[in-house]
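Visitor: Below is a structure I'd like to ask you about.
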Amino acid sequence: MSTRTSLRSLAAAALALSGSVALAAGGTITGKVESTPAKFLAETVVYLEKAPPTGGAQSHAMDQRNMTFEPHLLVIQAGDSVKFLNHDSVVHNVYSPDNEGYNLGAFKQNEERSYTFSSAGSYTQLCSIHPEMLGFIFVAPSRHAAAVDKAGGFTLRDVPPGTYKLAIWNSHLKAPAKDVTVTAGGTATVNFSIKR
Ligand SMILES: [Cu+2]
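Numbering (our numbering), first residue to last: 572 to 767.
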């Protein structure tokens, strides 16, 4: 084989490889959740039940502003941490009775506390000083998890090809998990109807 030919075939192989890598990037799962009653729709997460964790730990933030937790629902991956902020002029507390539970004490404006979530699951986010304050932190097994949008829509991107159980979490309602098969570059559509 001449040097020129082998270089040319090397370039062709590299091109083929980069093409297959782009293709292997994964597929998309999209769909819509219908909620009965509709008032709990915002408190819904769609996630892959058994998927390996993706990437390293990340840091997120949940603010306390105008006597509410913002965002109302935060979706993270097990091992991630959340910084709790306080932008109100009053003292707030941060605690959850769920799973391993935590209580980060009371802290005033512009102070913050951090917590690392080691176990997957849903955490009701409460403030002991203001019982009307309520938020949720959903700790998913992987980053293939998303809160639904205002219309109930969701999209999980870059899912490695394979067959999974697509599960749904809601603060009050439920629906069984569904099987979904993801192909490289493909889009699978899965809809849910959640009720009591
Ligand atoms: Cu408070």
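All residues carry an ideal CB built from backbone N, CA and C; glycine is no exception.
Check whether the Cβ of His-715 sits closer than 6 Å to any heavy atom of ligand 1, and report yes or no.
Guide: For ligand 1, not one heavy atom lies less than 6 Å from the Cβ of His-715.
Visitor: For Met-704, collect the residues of the same chain with a Cβ closer than 7 Å to its Cβ; drop the 5 residues on either side in sequence, then sort them by chain order.
Guide: Hits under 7 Å: Met-638, Thr-639, Phe-640, Leu-697 and Cys-698.
Visitor: Assign Thr-752 to one of two classes, buried (16 or more other C-beta atoms within 10 Å of its C-beta) or exposed (fewer than that).
Guide: Exposed is the call here.
Visitor: Looking at ligand 1, does it come within less than 6 Å of His-658, judged from the CB to the closest heavy atom?
Guide: Flag unset: Cβ of His-658 not near ligand 1.
Visitor: If you draw a straight line from the C-alpha of Ala-613 to the C-alpha of Pro-702, how long is it?
Guide: Answer to the nearest angstrom: the Cα atoms are 20 Å apart.
Visitor: Can you tell me whether Ile-700 sits near ligand 1, meaning its C-beta is under 6 Å from at least one heavy atom of the ligand?
Guide: Checking the Cβ of Ile-700 against ligand 1 gives yes.
Visitor: Tell me which residue opens and which closes the beta strand (DSSP E) that Gly-672 is part of.
Guide: Premise fails: Gly-672 is in no beta strand (DSSP E) and is neither H nor E.
Visitor: My output table needs one value for Arg-767: the three-state DSSP class, helix, strand or coil.
Guide: Looking at Arg-767 - three-state DSSP - the assignment turns out to be coil, as it is neither helix nor strand.
Visitor: Smallest Cα separation from Asp-720: which of Gly-602, Tyr-666, Thr-625 and Pro-712?
Guide: Residue Gly-602 is the option with its Cα nearest to Asp-720.
Visitor: Once the 5 residues before and after Ala-717 are set aside, which same chain residues still bring their CB inside 8 Å of it?
Guide: Cβ neighbours of Ala-717 beyond the five flanking positions: Val-616, Val-617, Tyr-618, Val-646, Phe-725, Thr-726 and Leu-727.
Visitor: Within this structure, are the beta carbons of Glu-605 and Lys-736 separated by less than 7 Å?
Guide: For Glu-605 and Lys-736, no; Cβs fall outside 7 Å.
Visitor: From Ile-708, Pro-731 and Gly-723, pick the residue whose C-alpha is nearest to that of His-715; which is it?
Guide: Out of Ile-708, Pro-731 and Gly-723, Pro-731 has the C-alpha closest to the C-alpha of His-715.
Visitor: On a CA-only basis, which of Leu-675, Ser-630 and Ala-738 is nearest Ser-667? Give me that one, please.
Guide: The candidate whose alpha carbon is nearest that of Ser-667 is Leu-675.
Visitor: Using a threshold of 6 Å, is the CB atom of Met-704 nearer than that to any non-hydrogen atom of ligand 1?
Guide: Indeed, a heavy atom of ligand 1 lies less than 6 Å from the Cβ.
Visitor: With a floor of 3 residues, list each beta strand (DSSP E) that falls wholly inside the segment 585-640, ordered by position along the chain.
Guide: Runs of the beta strand (DSSP E) inside the segment 585-640: 598-606, 615-619 and 630-636.
Visitor: Give the DSSP-derived three-state secondary structure of Lys-721 in the structure shown.
Guide: The answer is coil: DSSP assigns Lys-721 none of H, G, I, E or B.
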